[in-house]
Amino acid sequence: MAPTRTALITGSTDPSAIGFTAGLLLAKTGEFAKILLSGRKQEAAEAAAAALRSKLPSQSPTQIGYLVLDVTSSASISAAATFLSDPNGPLGTHAGVLDVLVNNAGIGAPPGRLAEGEMFLKTEATTAQDIVSVMATNVGAVVELTNALLPLLAKSPSPRIVNTSSARGSLSFAAGLPPARTGTLVYNASKSALNMATIMQAHNLPGASGNANLKVNAASPEHVKTPFNGFTGIRTPEQGAGVIVYLSMLPEDGISGQLVGDHAPFSEKDGDFVQIPW
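Each residue of the sequence shown is one higher than the one before, counting from 89 in the working numbering.
Following this line, the structure appears as structure tokens:
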């Protein structure tokens with residue numbers, strides 16, 4: 089039987105990063121009819137889709153498409169929701185139904201705010217505007233896009249929403265770290281807020297959508313080697329994306345409203361997915 093599931097992954101146009109890799113791993117399951125990568129620039133989104141297609145066998149049942157989407161733009165979000173409902177749009181014959189939404193797009197600091205060689209904005213250099221900017225992308229955009237696509241998710245028999253977060257957004261985890269490893273105020277705070285948003289979405293969206301099977305969770309890929317951190321991470325994109333795939337394909341009796349990872353100190357091995365304390 090041909091697969092019918094569809095997925096959209098935001099912030100997924102970089103072949104060396106987590107979002108793209110999550111798309112590849114989902115496609116390799118053979119359980120998706122259509123997977124859409126997305127980003128702000130059409131050229132990059134189109135190239136990413138072509139790159140992902142090239143990594144799949146010719147007989148793969150999964151079609152790879154792309155969606156031009158700026159998650160920080162209300163107009164772009166509205167247009168995307170309309171386009172995904174159009175049979176002539178990127179979902180084609182599957183238009184109007186979305187089974188998996190991975191909110192992966194995010195930033196560590198506002199554009200232009202990091203000095204050369206810096207990966208994160210220092211606490212003592214953080215301004216109120218920095219917080220507003222990062223929160224708008226890492227939290228506000230997730231909420232707005234999810235709400236816009238809720239009618240499409242509601243039509244899925246088993247909708248799944250995965251918010252790419254971080255264990256650095258865990259208050260109990262961050263409190264136990266030595267100062268040199270606590271990271272950055274603005275990024276960590278945005279992930280703490282995203283974790284709360286995930287809980288509230290898990291509590292409220294099944295009722296709001298009329299679909300009791302809807303599940304919402306936050307994924308913590310941990311310190312992955314990507315351009316986001318100058319490739320200083322200790323995990324591969326495949327290892328980091330594993331938790332996104334796991335949460336995207338939860339069974340009907342799976343968890344909801346949790347932060348999940350499979351890395352130290354919470355877990356001893358890849359694929360051993362555990363709930364991380366808030």
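Glycine included, each C-beta is placed from N, C-alpha and C at the ideal position.
May I ask you to list the residues that DSSP assigns as paired with residue i?
i           : result
residue 227 : Residue 227 is not bridged to any residue.
residue 127 : 156
residue 349 : 362
residue 306 : 251 and 347
residue 293 : Note: residue 293 sits in no beta bridge, so no partner.
Should residue i go down as buried or exposed, given a rule of 16 or more other Cβ atoms within 10 Å for buried?
i           : result
residue 308 : buried
residue 291 : exposed
residue 360 : exposed
residue 331 : buried
residue 66  : Outside the displayed span of the chain (89 to 366) sits residue 66, for which this structure offers no information.
residue 99  : buried
residue 172 : buried
residue 130 : exposed
residue 336 : buried
residue 263 : exposed
residue 115 : buried
residue 176 : exposed
residue 174 : exposed
residue 302 : buried
residue 277 : buried
residue 295 : exposed
residue 244 : buried
residue 228 : buried
By alpha-carbon positions, which one of the options ends up nearest to residue i?
i           : options               : result
residue 178 : 281, 155 and 194      : 155
residue 164 : 190, 131 and 127      : 127
residue 198 : 208, 246 and 298      : 208
residue 348 : 216, 258, 300 and 120 : 258
residue 218 : 275, 237 and 175      : 275
residue 221 : 237, 196 and 188      : 196
residue 101 : 93, 137 and 119       : 137
residue 358 : 250, 327 and 310      : 327
residue 342 : 366, 247 and 354      : 247
residue 242 : 205, 174 and 297      : 297
residue 107 : 251, 285, 281 and 340 : 251
residue 191 : 232, 205, 206 and 184 : 232
residue 215 : 272, 244 and 261      : 272
residue 282 : 299, 295 and 193      : 193
residue 240 : 149, 187, 230 and 227 : 187
residue 104 : 350, 323 and 352      : 323
residue 352 : 157, 310 and 366      : 310
residue 306 : 334, 294, 295 and 299 : 334
residue 123 : 158, 300, 170 and 185 : 185
residue 339 : 145, 212 and 304      : 304
residue 226 : 203, 285 and 145      : 285
residue 230 : 158, 212, 211 and 119 : 158
Can you list, in chain order, the residues of its chain whose CB lies under 7 Å from that of residue i, leaving out five sequence neighbours each side?
i           : result
residue 224 : 160
residue 201 : 209 and 218
residue 109 : 325, 326 and 329
residue 143 : 112
residue 189 : 96, 234, 237, 241 and 249
By Cβ distance, which residues of its chain are closer than 6 Å to residue i, with the 5 residues on each side in sequence left out?
i           : result
residue 254 : 279 and 308
residue 238 : 297
residue 44  : The question about residue 44 has no answer here: the residues shown for the chain are numbered 89 through 366.
residue 117 : none
residue 354 : 362 and 364
residue 145 : none
Does the beta carbon of residue i fall short of 6 Å from some heavy atom of the ligand FMN?
i           : result
residue 263 : Absent from the structure shown: the ligand FMN. Ligands present: none.
Give every residue of the same chain whose Cβ lies closer than 8 Å to the Cβ of residue i, excluding the five residues on either side of it in the sequence, and list them in chain order.
i           : result
residue 125 : 97, 100, 101, 107, 108, 111, 133, 136, 137, 140, 152, 153, 154 and 155
residue 121 : 90, 91, 92, 93, 94, 149, 150, 151 and 182
residue 260 : 365 and 366
Give, in chain order, every unbroken run of the beta strand (DSSP E) that is at least 3 residues long and sits entirely within the stretch 237-274. Whole beta strand (DSSP E) segments, 3+ residues: 248-252.
Residue ranges of each alpha helix (DSSP H) run of no fewer than 4 residues wholly in the stretch 140-224, ordered along the chain? If one requires a minimum length of 4 residues, the alpha helix (DSSP H) runs lying completely within the stretch 140-224 are 162-172 and 216-223, in chain order.
Which runs of the alpha helix (DSSP H) fall wholly inside the stretch 89-125 and span at least 4 residues, in chain order? Runs found: 106-116.
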